[in-house]
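Numbering (my numbering), first residue to last: -7 to 320. Ideal Cβ positions, reconstructed from N, Cα and C, are used throughout, including at glycine. Structure first, then comments.
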Amino acid sequence: MDKLRWGILSTARINRRIIPALKASRRNQLTAVASRSLENARQFARQWDIPRSYGSYDVLLEDSSIDVIYIPLPNHLHVEWTLRALQAGKHVLCEKPIALSPEDVNLIQNAAGQKKLVVMEAFMYRHHPQTIKVREIIASGELGEIHLMHGCFSFLLDRPDDVRWVPEYGGGSLWDLGCYPVSYCRMIMGTPPTEVCGWQMLSASGVDLVFAGTLRYSGGTLAQISSSFAVQTYTGFEIHGSHASLLIPTPFNPQGKSHIILQRQGQKHQFEFKVKDLYLGEIENMADAILDGIPPRIDLQESKQNITTLKALYTSAGQNTAIRLSSE
Ligand SMILES: NC(=O)c1ccc[n+]([C@@H]2O[C@H](COP(=O)([O-])OP(=O)(O)OC[C@H]3O[C@@H](n4cnc5c(N)ncnc54)[C@H](OP(=O)(O)O)[C@@H]3O)[C@@H](O)[C@H]2O)c1
-7 MDKLRWGILS TARINRRIIP ALKASRRNQL TAVASRSLEN ARQFARQWDI PRSYGSYDVL
53 LEDSSIDVIY IPLPNHLHVE WTLRALQAGK HVLCEKPIAL SPEDVNLIQN AAGQKKLVVM
113 EAFMYRHHPQ TIKVREIIAS GELGEIHLMH GCFSFLLDRP DDVRWVPEYG GGSLWDLGCY
173 PVSYCRMIMG TPPTEVCGWQ MLSASGVDLV FAGTLRYSGG TLAQISSSFA VQTYTGFEIH
233 GSHASLLIPT PFNPQGKSHI ILQRQGQKHQ FEFKVKDLYL GEIENMADAI LDGIPPRIDL
293 QESKQNITTL KALYTSAGQN TAIRLSSE
């Protein structure tokens, strides 16, 4: 197989970021797009120079020439269309959060296992050299014992008709943005938290407009995460250890030039990174997994653990009590 042929389900806004990466990629190519409206699909295909367009997602899945499906649908549709794509024999890159319950990740895991197909949740930051360097520093033990982490991701959501406002669609700032710091904490710790506690402020539509949570890990490490649709864009992640701290100003969406700072006894060392396309890494990682059998950087077990944590944070905020996930 020369290149993997990709099909995209929907004309979602995020496609603007994925399509240039697909076009720049060596072993992938964009072949088709589907929309609920044939006219929209055609117009989108013309705009982005995509060879084929379909007026329904089902019809695209019937196209036997497509190898991989990218799913950028509203959150409540991720599981249904991932399962349908697997049923049709396609590999899947699905937007975050891949599901809204750990039980649904089990369904995906089983289906992918039976069909021997690759499914990955699209956390683009994981494939960036900056993240790979952060992981190296953590693995080197340079920070000493990690005691505390802080992670935040927010932006001002000023589109009143956005799917993120709809509770039944898996709307809310924690599902949309807080999932990044939760996932980053899991990456650093290599394990999910044993206990969480969350607080939220609801929007008029009933989703969390602002969310703040505390995660406690076996051994006692604490992490604080926050997300919001109500404040100006801000993002960051800090890891504080007994020997040193690591500060990451743009942990989730480093674009162009980015840097991280290792701070030890008043000394600062800055590492710099330059990446043209933030989304290319996840596209290439899919090709490595499908064509070379290399395990994808984010497996479904990890996705399931993150979704368990996110659900527990929501439960905690709803019930006004801490939620224990496992014994120490
Ligand atoms: N990784 C990242 O950097 C990143 C960034 C932004 C968003 N995301 C994720 O990508 C996904 C899409 O986000 P987005 O902001 O791009 O969404 P969006 O612009 O609202 O697009 C969602 C698309 O889904 C289709 N759709 C199907 N059923 C729908 C329904 N009931 N209501 C509304 N749309 C429906 C529509 O396409 P058709 O009409 O063409 O069928 C619509 O264009 C989300 O899961 C989000 O978390 C990821």
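Asked, Found
"Looking only at its chain, what residues have a beta carbon closer than 7 Å to the beta carbon of ALA16, apart from the 5 residues adjacent to it on each side?", "ASP269 and LEU272"
"Only counting the same chain, and skipping five residues up and downstream in sequence, which positions put a Cβ closer than 8 Å to that of LYS125?", "ILE252, PHE263 and PHE265"
"Start and end of the alpha helix (DSSP H) containing VAL51?", "49 to 54"
"How should LEU140 be labelled, buried or exposed, when 16 other C-beta atoms within 10 angstroms of its C-beta is the threshold for buried?", "exposed"
"Give the secondary structure of ILE282 by DSSP, where H, G and I count as helix, E and B as strand, and everything else as coil.", "helix"
"Since VAL110 sits in a beta bridge, which residues does DSSP pair it with?", "DSSP output for VAL110 lists no bridge partner at all."
"Is it the case that the CB of ALA4 approaches a heavy atom of ligand 1 more closely than 7 Å?", "yes"
"Classify LEU148 as buried or exposed, calling it buried when 16 or more other Cβ atoms lie within 10 Å of its own Cβ.", "exposed"
"Less than 7 Å between the CB of ARG178 and some heavy atom of ligand 1, yes or no?", "no"
"The beta strand (DSSP E) with LYS(-5) in it runs from where to where?", "It is not in any beta strand (DSSP E) - LYS(-5) carries neither H nor E in the DSSP assignment."
"Using a Cβ-Cβ cut-off of 8 Å (strictly less than) and excluding sequence neighbours within five positions of ARG34, which residues of its own chain qualify?", "SER45"
"Considering only the beta carbon of each residue, do VAL111 and ILE100 sit closer than 8 Å?", "yes"
"LEU166 and LEU1 - do their beta-carbons sit closer together than 8 Å?", "no"
"Use the C-beta contact count for HIS261: other C-beta atoms within 10 angstroms, 16 or more gives buried, fewer gives exposed.", "exposed"
"Hey, out of THR213, TRP157 and GLY211, whose CA is closest to SER202's CA?", "For the sequence presented, residue 202 should be read as Val rather than Ser. Nearest option by C-alpha distance: TRP157."
"Express the C-alpha separation of SER175 and TYR226 in angstroms, rounding to a whole number.", "17 Å"
"Near SER29, which residues of its chain fall below 7 Å by C-beta distance, leaving aside the five closest residues on each side in sequence?", "GLY47"
"Tell me, to the nearest whole angstrom, how far the beta carbon of ILE58 is from that of TRP73; I am working on the premise that it is less than 8 Å.", "13 Å between Cβ atoms; not a contact."
"Can you name, in chain order, every residue of its own chain whose Cβ lies under 7 Å from the Cβ of ASP168, other than the five neighbours on each side?", "ARG156"
"Answer yes or no: do ALA279 and GLN255 have a C-beta to C-beta separation smaller than 8 Å?", "no"
"Is it true that the segment 79 to 97 meets the segment 194 to 210, where meeting means three or more beta-carbon pairs spaced less than 8 Å apart?", "no"
"Tell me where the beta strand (DSSP E) around SER237 begins and ends.", "237 to 240"
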